[in-house]
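A.B. asks: Under this note's numbering, think of the first position of the sequence shown as 64, with each following residue one higher.
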Amino acid sequence: MSYRIITINREFESAGNEIAQAVAARLELPYYDRFLIVAAAGETGIDQNRVANIDEKLESRFEYSQAEAAYYYTNNQDPLPTGARVAEIQFQLIRALAEQEPCVIVGRCANHVLRDRDDVLDIFIHAGRDYRVRRTMESLDLPERKAVRLLKRTDAARKAYYKNYTGCDWNDPNLYHAVVNSDRLGIEGCVEAICGMYRG
64 MSYRIITINR EFESAGNEIA QAVAARLELP YYDRFLIVAA AGETGIDQNR VANIDEKLES
124 RFEYSQAEAA YYYTNNQDPL PTGARVAEIQ FQLIRALAEQ EPCVIVGRCA NHVLRDRDDV
184 LDIFIHAGRD YRVRRTMESL DLPERKAVRL LKRTDAARKA YYKNYTGCDW NDPNLYHAVV
244 NSDRLGIEGC VEAICGMYRG
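1) Taking D185 as part of the beta strand (DSSP E), name the residues at either end of that continuous run.
2) How big is the Cα-Cα spacing for R67 and L177?
3) Taking the continuous alpha helix (DSSP H) assigned at N227, which residues delimit it?
4) Who are the near neighbours of V196 in its chain, counting only those whose CB is closer than 7 Å to its CB and skipping five residues on each side?
5) For S245, does the count of other Cβ atoms within 10 angstroms reach 16, so buried, or fall short, so exposed?
6) Which term fits L184, buried or exposed, when burial requires 16 or more other beta carbons within 10 angstroms of its beta carbon?
7) In terms of residue numbering, what span does the alpha helix (DSSP H) encompassing A161 cover?
8) Beta-carbon within less than 7 Å of G249's beta-carbon, same chain only, minus the 5 sequence neighbours each way: which residues are those?
9) R178 by DSSP, collapsed to three states: which one?
10) Using C-beta distances below 8 Å, list every residue in its chain close to E81, excluding the 5 sequence neighbours before and after it, in chain order.
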């Protein structure tokens, strides 16, 4: 199998972003994560910080169960709610990027958006709870209780976002070519494994 694109979904503080950046550098591929926030802000005219705050999150149950359903499944011509507009622009950008060049794309349902392509390697980065709690405490200088709360909240938000737009369970291993455990393999071990799979 010859791959061009790598998509990476990751649990919070599993070192997923670090691994994705290292993979992109090792393979000399463009890396897309925050770019999708900036680009979506530019397209929507919404403040970049606002886009960052709603990135990979659902703003409210009402907004997504009612307004988005009306947009997609009826002739309602009202604009998409803010979060849904941002997500749709990001999905369009992901498709365009995949057409343009080989690259690494982090999060934002990229594996689902590109599911019909056979040149995409889909990876999920997982790590043990204790490892992720320690990383959260260290990186954000939080006490353990607050770190645990943030970890749970962030993972739940990503899972809900993915479910909303794909109908699938974000951490279902059947959605990916491989699930790598950064706690067990270490960051360098994960990078080597992913690069090896990509090179085939």
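Quick reminder that beta carbons are idealized off the backbone N, C-alpha and C, glycines included.
C.D. replies: Quick look at the numbers:
1) Note, D185: beta strand (DSSP E), 183 to 189.
2) For the pair R67 and L177, the Cα-to-Cα distance works out to about 12 Å.
3) That run of the alpha helix (DSSP H) goes 207 to 229.
4) Excluding the 5 residues flanking it on each side, V196 has same chain C-beta neighbours closer than 7 Å at E207, A210, V211, L214, in chain order.
5) Buried is the call here.
6) Of the residues assessed, L184 falls on the buried side of the cut-off, its CB having 16 or more other CB atoms within 10 angstroms.
7) For A161, the uninterrupted alpha helix (DSSP H) run begins and ends at 145 to 163, by DSSP.
8) In the same chain as G249, and ignoring 5 residues on each side of it, no C-beta atom comes closer than 7 Å to its own.
9) Coil, per DSSP.
10) Here the set comprises I250.
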